[in-house]
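S.K.: So the sequence lines, in the order shown, correspond to chains A and B.
Everything in the first sequence is counted per full-length UniProt numbering, starting at 1 for the first residue and increasing by one.
Everything in the second sequence is counted per full-length UniProt numbering, starting at 1 for the first residue and increasing by one.
For each residue, glycine too, the CB sits at the ideal point set by N, CA and C.
Bear in mind the structure is a predicted one, so any value in this text is a computation, not a measurement.
Please read through the structure below; I'll follow up with questions.
Protein chains: 2
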Amino acid sequence: MTAANAADPDDGPGGAGGGAPPPAAPAGGRAAGDDIVAGVVRQWYAVRPDVDTGPMEIIGRINRCAALLQQAEDAPLRHAGLNRAEFDVLGTLRRTGHELTPGELARETFSSGAAVTKRLKQLGERGLVERRADTRDRRVVLVRLTDAGRALVDALLPEQLSYEAAVLSGVEAGRRDDLARLLGELLVQLEGRLGLPRG
Amino acid sequence: MTAANAADPDDGPGGAGGGAPPPAAPAGGRAAGDDIVAGVVRQWYAVRPDVDTGPMEIIGRINRCAALLQQAEDAPLRHAGLNRAEFDVLGTLRRTGHELTPGELARETFSSGAAVTKRLKQLGERGLVERRADTRDRRVVLVRLTDAGRALVDALLPEQLSYEAAVLSGVEAGRRDDLARLLGELLVQLEGRLGLPRG
DNA sequence: GCCATATCTTTTACGAGTGAAACACCTGTT
DNA sequence: AACAGGTGTTTCACTCGTAAAAGATATGGC
Chain A
1 MTAANAADPD DGPGGAGGGA PPPAAPAGGR AAGDDIVAGV VRQWYAVRPD
51 VDTGPMEIIG RINRCAALLQ QAEDAPLRHA GLNRAEFDVL GTLRRTGHEL
101 TPGELARETF SSGAAVTKRL KQLGERGLVE RRADTRDRRV VLVRLTDAGR
151 ALVDALLPEQ LSYEAAVLSG VEAGRRDDLA RLLGELLVQL EGRLGLPRG
Chain B
1 MTAANAADPD DGPGGAGGGA PPPAAPAGGR AAGDDIVAGV VRQWYAVRPD
51 VDTGPMEIIG RINRCAALLQ QAEDAPLRHA GLNRAEFDVL GTLRRTGHEL
101 TPGELARETF SSGAAVTKRL KQLGERGLVE RRADTRDRRV VLVRLTDAGR
151 ALVDALLPEQ LSYEAAVLSG VEAGRRDDLA RLLGELLVQL EGRLGLPRG
């Protein structure tokens with residue numbers, strides 16, 4: 001609540017927060033080479049020029065990208081009857097190389113324990129993962145990939161990645177590296193700011 | 001389907017697609033200053049060094065950022081009893097400045113018509129939007145903000161934006177601009193590649 | 001040894017989104 | 001005028017995720 005009210009609406013046009021005003025303005029319409037968010041920002045500037053829309057240019061774009069990607073990105077997975085979340089569980093087990101508990105899987109895949117339980121049930125019924133009780137602590141369940149699960153991940157991973165590579169291929173290689181680096185910086189900050197409550 | 005299989009798994013280690021292998025490798029563990037995705041990439045490199053994890057560094061990070069943001073970003077909204085999606089509808093009506101149909105709202109907010117119908121029902125019950133039938137074409141419904149709805153958006157928008165600004169403040173200003181620009185480039189590509197089917 | 005407390009997993013109740021079907025209406029053709 | 005086909009909105013059945021409660025087990029103080 002502290003800094004949240006820092007940018008009052010009567011900040012005054014021109015000195016709005018720190019972001020430069022959007023370039024010119026095709027009357028709120030959309031210019032060639034612009035993405036959706038640029039148009040949105042211009043519309044806001046037309047009706048509320050006092051407000052600093054800077055954050056939208058990052059957060060809005062991340063949300064749009066994530067939405068677009070999630071709608072289409074999973075084509076190779078869907079083909080195998082999996083969704084992103086299920087593949088995420090399988091992939092986590094594969095890349096760590098050892099058994100994990102449902103709690104660890106939940107933390108690793110950013111979802112609730114309940115969601116993991118559901119997914120494990122389905123993946124178990126399909127013979128892709130196995131559960132066994134921990135001998136030391138019988139509250140704990142240990143989950144591992146079956147041979148079939150491992151084979152499926154290994155087959156799907158390159159397909160999925162090359163599909164993703166195709167999706168990204170419209171951006172020049174050097175800029176992809178820049179983008180990855182900057183997203184990494186942002187993610188570190190977000191983890192610190194928003195992820196701490198879990199520690 | 002065309003270019004999607006371009007990067008075959010037997011691309012050969014060292015020449016994997018275009019991404020450099022992850023730096024050294026703390027045994028799959030996590031180094032200081034690294035984000036979660038960097039650790040994930042290293043784990044993959046340890047068990048499947050033949051695979052080009054480049055796309056993960058962008059898509060994985062975007063997904064993580066979006067997940068983290070969505071969990072916490074909405075603090076000021078939640079305080080007003082709204083969620084992101086509802087605020088998105090109100091904001092769209094506010095920034096365009098005129099009445100919109102449910103279909104237009106669906107396209108604008110990236111969601112299904114059914115979802116928009118539900119939201120409009122709730123927002124209508126709370127007195128934030130009004131529907132009226134189009135006089136020309138009676139299939140069409142026109143939605144507009146009530147005075148209360150407009151006042152709520154105008155009050156919430158600066159709060160929400162300065163909250164978002166605080167979340168982003170850990171990244172240096174110049175880098176935020178770079179990030180916004182690169183995300184814009186990516187978004188243009190994604191819109192072209194993944195958004196075309198709707199046209 | 002026993003109890004209070006904490007931790008891990010699963011179950012339950014519910015909210016939100018989606019695709020497909022249903023419904024209402026328009027428009028051009030015959 | 002009637003009809004076929006198209007478009008816009010809503011309803012329906014379903015999936016998926018979550019928070020909170022329940023169930024099972026460990027652990028430390030007495």
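By DSSP, does residue 114(A) sit in helix, in strand, or in coil?
M.R.: Reduced to three states, the DSSP call for residue 114(A) is helix.
S.K.: Can you give me, in chain order, the residues of the segment 33 to 49 of chain B that have a beta carbon less than 8 Å from any beta carbon in chain A?
M.R.: 33, 34, 35, 36, 37, 38, 40, 43, 44, 46, 47 and 48
S.K.: Straight-line CA distance for residue 129(A) to residue 131(B)?
M.R.: Taking the straight line from one Cα to the other gives about 50 Å.
S.K.: Do residue 58(B) and residue 176(A) count as a contact pair if the criterion is CB distance below 9 Å?
M.R.: Contact: yes.
S.K.: From the DSSP output, read off the bridge partner residues of residue 144(A).
M.R.: 130(A)
S.K.: Compare the C-alpha of residue 143(A) against each of 153(A), 121(A), 173(A) and 170(A) and name the closest.
M.R.: 121(A)
S.K.: Which residues of chain B have a Cβ atom closer than 7 Å to the Cβ of residue 189(A), listed in chain order?
M.R.: For residue 189(A), the chain B residues whose C-beta falls within less than 7 Å of its own C-beta are 170 and 171, listed in chain order.
S.K.: May I ask you to list, following chain order, the residues of the segment 126 to 137 of chain B that have a beta carbon less than 7 Å from some beta carbon of chain A?
M.R.: none
S.K.: Under the rule that 16 or more other beta-carbon atoms within 10 Å means buried, what is residue 66(B), buried or exposed?
M.R.: buried
S.K.: State the CB to CB distance for the pair residue 109(B) and residue 89(B), rounded to an integer number of angstroms; the pair is presumed to be in contact (CB under 8 Å).
M.R.: 6 Å
S.K.: Could you name the residues of the same chain whose beta carbon sits closer than 7 Å to that of residue 127(A), not counting the 5 residues immediately before and after it, in chain order?
M.R.: 146 and 148
S.K.: So for residue 100(A), helix, strand or coil by DSSP?
M.R.: strand
S.K.: Do you know how far the Cα of residue 191(B) is from the Cα of residue 68(A)?
M.R.: 8 Å
S.K.: Taking 9 Å as the CB-CB cut-off, is residue 114(B) touching chain A?
M.R.: no
S.K.: Please list the terminal residues of the continuous alpha helix (DSSP H) segment that includes residue 48(A).
M.R.: Judged by DSSP secondary structure, residue 48(A) falls outside any alpha helix (DSSP H); it is assigned neither H nor E.
S.K.: When burial is assigned at 16 or more other CB atoms within 10 Å of the CB, is residue 133(B) buried or exposed?
M.R.: exposed
S.K.: Evaluate residue 184(B) with the Cβ neighbour count: other Cβ atoms within 10 Å of its Cβ, from every protein chain shown; 16 or more gives buried, anything less gives exposed.
M.R.: buried
S.K.: To the nearest angstrom, report how far apart residue 81(A) and residue 56(B) are at their CA atoms.
M.R.: Rounded to whole angstroms, residue 81(A) to residue 56(B) spans 21 Å at the Cα level.
S.K.: Among residues of its own chain, excluding the 5 on either side of residue 14(A), which ones have a beta-carbon nearer than 7 Å to its beta-carbon?
M.R.: The predicted model places residue 14(A) with a pLDDT of 39, which falls under 50 and marks its position as unreliable; any figure quoted below should be read in that light. Excluding residues within five positions, none has a Cβ falling inside 7 Å.
S.K.: Would you be able to state if there are at least three C-beta pairs under 8 Å between the segment 160 to 170 of chain A and the segment 159 to 167 of chain B?
M.R.: no
S.K.: In three-state DSSP terms, what is residue 170(B)?
M.R.: coil
S.K.: What are the start and end residues of the alpha helix (DSSP H) that includes residue 75(A)?
M.R.: 75 to 79
S.K.: Does residue 186(A) pass the burial test, meaning 16 or more other C-beta atoms within 10 Å, or should it be called exposed?
M.R.: That one is buried.
S.K.: How would you list, in chain order, the residues of chain B whose beta-carbon sits under 8 Å from the beta-carbon of residue 149(A)?
M.R.: By Cβ distance, chain B contributes nothing, its closest Cβ being about 14 Å from residue 149(A), past 8 Å.
S.K.: I need the straight-line Cα distance from residue 77(A) to residue 125(B), nearest angstrom please.
M.R.: 40 Å
S.K.: Are any of the Cβ atoms in chain B nearer than 9 Å to that of residue 110(A)?
M.R.: yes
S.K.: Can you pull the chain A neighbours of residue 53(B), defined as C-beta to C-beta under 8 Å?
M.R.: Chain A residues near residue 53(B): 161.
S.K.: Compute the distance between the beta-carbons of residue 111(A) and residue 85(A), then report whether it is under 9 Å.
M.R.: A contact, by the Cβ cut-off of 9 Å.
S.K.: For residue 84(B), which of helix, strand or coil comes out of DSSP?
M.R.: helix
S.K.: With residue 64(A) and residue 37(A) assumed to form a contact (beta carbons below 8 Å), what rounded beta-carbon distance in angstroms separates them?
M.R.: 6 Å
S.K.: In chain B, which residues lie less than 9 Å from residue 80(A) when you measure between Cβ atoms?
M.R.: Within 9 Å Cβ-Cβ: nothing; residue 80(A) doesn't reach chain B, min ~15 Å.
S.K.: What residues from chain A crowd round residue 144(B), counting only those whose CB sits closer than 9 Å?
M.R.: Near residue 144(B) there are no residues of chain A at all, since even the closest Cβ is about 14 Å away, more than 9 Å.
S.K.: Anyone know if the C-beta pair for residue 95(A) and residue 48(B) falls short of 9 Å?
M.R.: yes
S.K.: Excluding the 5 residues preceding and the 5 following residue 75(B) in the sequence, name in chain order all residues of the same chain whose CB lies nearer than 7 Å to its CB.
M.R.: Here the set comprises 163.
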